[in-house]
Amino acid sequence: QKEVEQDPGPLSVPEGAIVSLNCTYSNSAFQYFMWYRQYSRKGPELLMYTYSSGNKEDGRFTAQVDKSSKYISLFIRDSQPSDSATYLCAMSAGTTSGTYKYIFGTGTRLKVLA
Amino acid sequence: EAGVAQSPRYKIIEKRQSVAFWCNPISGHATLYWYQQILGQGPKLLIQFQNNGVVDDSQLPKDRFSAERLKGVDSTLKIQPAKLEDSAVYLCASSLRGDSPLHFGNGTRLTVT
Chain A
32 QKEVEQDPGP LSVPEGAIVS LNCTYSNSAF QYFMWYRQYS RKGPELLMYT
82 YSSGNKEDGR FTAQVDKSSK YISLFIRDSQ PSDSATYLCA MSAGTTSGTY
132 KYIFGTGTRL KVLA
Chain B
41 EAGVAQSPRY KIIEKRQSVA FWCNPISGHA TLYWYQQILG QGPKLLIQFQ
91 NNGVVDDSQL PKDRFSAERL KGVDSTLKIQ PAKLEDSAVY LCASSLRGDS
141 PLHFGNGTRL TVT
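Protein chains in written order, with my numbering: chain A, 32 to 145; chain B, 41 to 153.
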């Protein structure tokens, strides 16, 4: 079983739709949760960074963390064609050496149709 | 704030040749990472530096890959000799400290023929 599972998609939605992207994880030691957006031929760009269970909102984006279910989500409201990209979830946990290890999902390809 | 800089952007080599990638992290970021991203997959960690010391290289194929971070700033990743399966995007990332989110460069796309 992978530590982080993410549906690769592709996911196609009409412009203006609400998009829901999800990841599940198996390691209860994960403490920090992130969502990255990656456009074609670009590096991943940090969208959201959360620590605790609950919701965090930033503009049209809402990140949700449910540690009891080991489940995180990213919601995009009023989706735009410019949101078309691959969305990567990422999680990190401390290690015995005092550093942090980051694990990424495989990414979900999103296409927003005009 | 300037982002993570990587060069070259693209590289095409034949198998068994060598190649090197360069990364300049965000100023003041102590932690530097090299990731390999194969098409359709998420980034996979190759090596992590804290200042100029290696903290995790457990997934680095040490028989062919090497990396160094001189003076705790710039870093280079080398592959020698390259194999076909090394074709991927090599991403460099940095973070202010270990528990801070990662900031990525745009990567080097390597094609091995």
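The beta-carbon is built from N, C-alpha and C at its ideal position, and this holds for glycine as well. Computed from a predicted model, the values in this text were never measured in an experiment.
### Message
Judging by CA-CA distance, which residue of A:44, A:135 and A:129 is the nearest neighbour of residue 57 of chain A?
### Response
Nearest option by C-alpha distance: A:135.
### Query
Of all Cβ atoms in chain B, is any one closer than 8 Å to the Cβ of residue 118 of chain A?
No, residue 118 of chain A does not count as interfacial toward chain B.
### Query
Given that residue 131 of chain B touches chain A, what residues does it touch there, using C-beta distances under 9 Å?
Within chain A, the residues near residue 131 of chain B are 74 and 75.
### Message
Could you pull the DSSP bridge partners for residue 130 of chain B from this structure?
### Response
The partner list for residue 130 of chain B (beta bridge, DSSP) reads B:76 and B:148.
### Query
CB residue 87 of chain B to CB residue 104 of chain B, shorter than 8 Å?
No, the Cβ-Cβ distance between residue 87 of chain B and residue 104 of chain B is not below 8 Å.
### Query
Quick one: does residue 69 of chain B have its CB under 8 Å from some CB of chain A?
False, the Cβ-Cβ gap to chain A never drops below 8 Å.
### Contact set between residue 144 of chain B and chain A, taken where Cβ atoms lie within less than 7 Å
Those are 74 and 75, listed as they occur along chain A.
#### Entry: Proximal chain A residues relative to residue 96 of chain B, where beta-carbon distance stays under 9 Å
Ordered by position in chain A, the residues that pass the 9 Å Cβ test against residue 96 of chain B are 126, 128, 130 and 132.
### Contact set between residue 136 of chain A and chain B, taken where Cβ atoms lie within less than 9 Å
Within chain B, the residues near residue 136 of chain A are 82.
### Query
In chain A, which residues lie less than 8 Å from residue 90 of chain B when you measure between Cβ atoms?
Near residue 90 of chain B (Cβ distances below 8 Å), the residues of chain A are 130.
### Message
Please list the terminal residues of the continuous beta strand (DSSP E) segment that includes residue 100 of chain B.
### Response
Unbroken run through residue 100 of chain B: none, as it is neither H nor E.
#### Entry: Whole-angstrom C-beta distance between residue 39 of chain A and residue 142 of chain A, which should lie under 8 Å
Wrong, their Cβ atoms sit about 13 Å apart, outside the cutoff.
### Query
How long is the line joining the alpha carbons of residue 126 of chain A and residue 133 of chain A, rounded to whole angstroms?
Going from the Cα of residue 126 of chain A to the Cα of residue 133 of chain A covers about 10 Å.
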